[in-house]
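Heads up: the structure comes next, in structure tokens.
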Amino acid sequence: MIKKQAIQLFEERKVRTVWDDQEEKWYFSIVDVCGVLTDSKDALTARKYWNKLKQRLKAEGNETVTNCHQLKLRAADGKMRMTDVADTEQLFRLILSIPSPKAEPFKQWMAQVASQRLSD
30 MIKKQAIQLF EERKVRTVWD DQEEKWYFSI VDVCGVLTDS KDALTARKYW NKLKQRLKAE
90 GNETVTNCHQ LKLRAADGKM RMTDVADTEQ LFRLILSIPS PKAEPFKQWM AQVASQRLSD
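Counting from 30, one number per residue, gives the positions in the sequence shown under the working numbering.
Okay, structure coming up:
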């Protein structure tokens with residue numbers, strides 16, 4: 030399974046992504062998406078938001094959270110760290126749980142990214 034990391038930009042905010050050649054789909058960092066949609070000032074705030082949201086969704090029995098994968102992505106400090114990621118379908122479901130005026134433009138952007146393939 031060949032995975033290629035890429036940084037995508039949404040309104041000048043970085044979203045870490047991984048292209049999976051075998052499954053032919055993108056995975057997006059959930060913390061980065063939470064940061065964009067909540068206008069978090071830093072990664073720590075976004076991570077705290079995601080942890081609280083994940084806790085709430087698990088309590089509700091939300092299967093999207095249960096099915097989230099973790100992949101190693103480069104963190105701000107340059108180290109590779111396990112990070113919760115979601116494919117496009119999972120992310121669409123999660124975005125519904127985040128009240129944000131950016132949700133609709135982000136979904137359109139995400140659909141554009143998802144339709145691209147990462148070439149060598």
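Virtual Cβ for every residue (Gly too), placed ideally from N, Cα, C.
(request) In angstroms with no decimal places, state the Cα-to-Cα distance between residue 46 and residue 86. (result) 23 Å
(request) Using the Cα positions of residue 78 and residue 132, report the straight-line distance between them to the nearest angstrom. (result) 16 Å
(request) Could you spell out the range, first to last residue, of the beta strand (DSSP E) harbouring residue 37? (result) 32–39
(message) Helix, strand or coil for residue 149? Go by DSSP, reduced to three states.
(response) For residue 149, the predicted model reports a pLDDT of 46, less than 50, meaning its position is unreliable; a value from the coordinates is still stated below. In this structure, residue 149 counts as coil in the three-state DSSP scheme.
(message) Restricting to Cα atoms, I'd like to know which of 51, 144, 116 is closest to residue 62.
(response) 116
(request) Please confirm whether residue 56 and residue 50 have their CB atoms less than 9 Å apart. (result) no
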